[in-house]
Amino acid sequence: MGAQTEYANENSTSNVAADAPPRRHGFQPTDLALIAVFAAFIGALAQIPPIFVVGAVPFAMQMIGVLLAPMVLGSLRAGAACTLYVVVGVLGMPIFAGQRGGPGVLLSASGGYLIAFIPASFIAGAVATAVLRRRPRKPLLIVWLYVVALVSLAVIYLGGIVGQMINVSLSLSASLAVNAPLFALDLVKAAFAVVLAIAILTAYPRLLPAVRHR
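If you want the working numbering, it's the position in the sequence shown, counting the first as 1, plus 593.
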């Protein structure tokens, strides 16, 4: 009995899925609210002054929100949230890092990252949903969510490197040199995003994408 109780407590973020109502097709009002909230959250994090700038790329906090969204929203809602954030910024609202906005930002050294936020969130969200459907124990869940964050970072940095090569004519080697320290620090942000995701999913298990798409 004691072992069963311990197992149940350890899996509190996933076992609650059984009582969830079936998922209806399309975005519901709650989904739209979550999309808007996460887009605003990413924008708010971007307004925190960058700690430093490397190669005209600000080391901004918005990455935490971008990495967190797929873990707790799943593919479609996370992708929609990041799309909304990018679109609002491109339309002119200064919600990008450094209080920038407008279409010109997409042609800057950081433009590739912003564009890549969108496919990264869709792809990582799909991975997160697949992971959460397995209902792993919490230690393994932490590892898998970090893998989800690494998937996001891989797509984002691929877009960022390509963007720098196109927008500011950096060579591949120069772009890799610029991105290496940023990537190392973003690994720390990824760990922080995982901690936040575990806390959110424990407190609000019905946010689990694997639950809502059963």
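Yeah, the Cβ is synthetic: ideal placement off N, Cα and C, and Gly gets one too.
Q655 places its beta carbon less than 8 Å from that of I635.
L733 is classed as exposed because its beta carbon has fewer than 16 other beta carbons within 10 Å across all chains shown.
About 5 Å separates the Cβ atoms of A662 and A674, confirming a contact at the 8 Å cut-off. Looking from the CA of I793, the closest CA among Q621, I735, F715, P642 belongs to I735.
Counting only residues of its own chain and dropping the five nearest sequence neighbours on each side, V698 has a CB closer than 8 Å to the CB of G682, V683, F689, G704, L707. The beta carbons of V744 and A717 sit about 5 Å from each other, so the pair counts as a contact at 8 Å. Looking at the DSSP output, R693 bridges to F689.
A Cβ-Cβ contact shorter than 8 Å links A783 with A742. Here DSSP, grouped into helix, strand and coil, assigns I735 to helix.
Taken atom to atom, the span from the alpha-carbon of L738 to that of P712 is near 18 Å. Secondary structure note for Y706: its alpha helix (DSSP H) is the uninterrupted segment 704-726. Counting only residues of its own chain and dropping the five nearest sequence neighbours on each side, A721 has a CB closer than 6 Å to the CB of P663, M664, V741. Cβ atoms of G672 and F715 come within 8 Å of each other, at about 4 Å. Straight across, the Cα-Cα distance linking V787 with A777 is about 16 Å. Per DSSP, reduced to three states, the secondary structure at R730 is coil, with no helix or strand assignment. By alpha-carbon distance to S668, the top candidate from D624, I641, M686 is D624. Secondary structure within the segment 754-780: not one fully enclosed beta strand (DSSP E) run of 3 or more consecutive residues is present. DSSP places A653 in the coil class of the three-state scheme, outside both helix and strand.
A straight-line Cα-Cα distance of about 42 Å links L800 and S764. It is roughly 9 Å from the alpha-carbon of L677 to the alpha-carbon of F631. Excluding sequence positions up to five before and after V781, its CB lies less than 7 Å from no other CB in the same chain.
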